[in-house]
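Worksheet for the structure shown next.
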Amino acid sequence: DSGVTQTPKHLITATGQRVTLRCSPRSGDLSVYWYQQSLDQGLQFLIQYYNGEERAKGNILERFSAQQFPDLHSELNLSSLELGDSALYFCASSGFQTSGGVRDTQYFGPGTRLTVL
Amino acid sequence: TQLLEQSPQFLSIQEGENLTVYCNSSSVFSSLQWYRQEPGEGPVLLVTVVTGGEVKKLKRLTFQFGDARKDSSLHITAAQTGDTGLYLCAGLGGTSYGKLTFGQGTILTVHP
Chain D
4 DSGVTQTPKH LITATGQRVT LRCSPRSGDL SVYWYQQSLD QGLQFLIQYY NGEERAKGNI
64 LERFSAQQFP DLHSELNLSS LELGDSALYF CASSGFQTSG GVRDTQYFGP GTRLTVL
Chain E
44 TQLLEQSPQF LSIQEGENLT VYCNSSSVFS SLQWYRQEPG EGPVLLVTVV TGGEVKKLKR
104 LTFQFGDARK DSSLHITAAQ TGDTGLYLCA GLGGTSYGKL TFGQGTILTV HP
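Line by line, the protein sequences are chains D and E. Using my numbering, you'd call the opening residue of the first sequence number 4 and step up by one each time. Using my numbering, you'd call the opening residue of the second sequence number 44 and step up by one each time.
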């Protein structure tokens, strides 16, 4: 158990819909990261928040958005869903911002499996 | 864009055999991590290597970071069925502070 929780574990929805994925970081961790894992693209970084502020952006579509709340939990919102958005979405947390060193160890949650029909 | 090329993509071996997984990039990373992921779960960190030329051992697993900090390898000695899983290398830092750049992964299957 990494200490990172994600809900829901599974989500099945239809094209064009909007969903919200939730992540609670490890106690005390200020950074939250979102990743998408699909068979053809592998594990791709989407976005990072640190203490409520966006810090780094990766391959995140404009239809996707995220935020981190004062209690440090984070939500990833996916809208106008397409079949290709079906994937595993992981949240990870770490205790530090961005130094590129060992202190940035990221702990991954169990993921949310999104299926778009 | 930083890329990590991981090879082989698939590895199927018998219990007791040795294997090596490679992770290569044209970019320099400040550190490189190896993860193992089992079906239905998130990646779990195995090791972080930071210094060029560094070698770390974790029981039957040996991790090496290249001198130029652009490549790494994972060697498993006397593989066991419990080693089966997806192995991912990930680079941290360099030109993309804060985000992990993952390789495509190696699916290892160890047969009894």
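Beta carbons are placed, not taken as given, at the ideal position from N, Cα and C, and that holds for glycine.
How about residue i and residue j: do their beta carbons lie closer than 8 Å?
i      : j      : result
E/Q123 : E/E81  : no
E/D114 : E/L151 : no
E/L89  : E/Y78  : yes
E/V92  : E/L75  : yes
E/L131 : E/G109 : no
D/A90  : D/V7   : no
Could you tell me whether the Cβ of residue i comes closer than 8 Å to any Cβ of chain D?
i      : result
E/K99  : no
E/T91  : yes
E/Q147 : yes
E/P86  : yes
Quick one: grab the DSSP three-state call for residue i.
i      : result
E/T94  : coil
D/G19  : coil
E/G125 : helix
D/G87  : helix
D/T108 : coil
D/R116 : strand
D/K12  : coil
D/I63  : coil
Please tell me whether residue i has its Cβ less than 8 Å away from any Cβ of chain E.
i     : result
D/Q71 : no
D/Y90 : Checking the sequence shown, residue 90 of chain D turns out to be Ala, not Tyr. No, D/A90 does not count as interfacial toward chain E.
D/T10 : no
D/F67 : no
D/Q46 : Strictly speaking, residue 46 of chain D in this sequence is Leu, with Gln absent from that position. Judged by the 8 Å Cβ criterion, D/L46 is in contact with chain E.
For residue i, is the classification buried or exposed, using 16 other Cβ atoms within 10 angstroms of its Cβ as the cut-off for buried?
i      : result
D/I50  : buried
D/G103 : Note that D/G103 has pLDDT 46, beneath the 50 cutoff, so the model's placement of it is unreliable and the number below is only indicative. By the neighbour-count rule (16 or more Cβ atoms within 10 Å), D/G103 is buried.
E/T120 : exposed
D/T118 : exposed
E/R112 : buried
Can you name the residues that DSSP bridges to residue i?
i      : result
D/E56  : D/Y53
E/K142 : In the DSSP output, where bridge partners are listed per residue, E/K142 has none listed.
E/T63  : E/H118
E/Q52  : Paired residues: none, contrary to the question.
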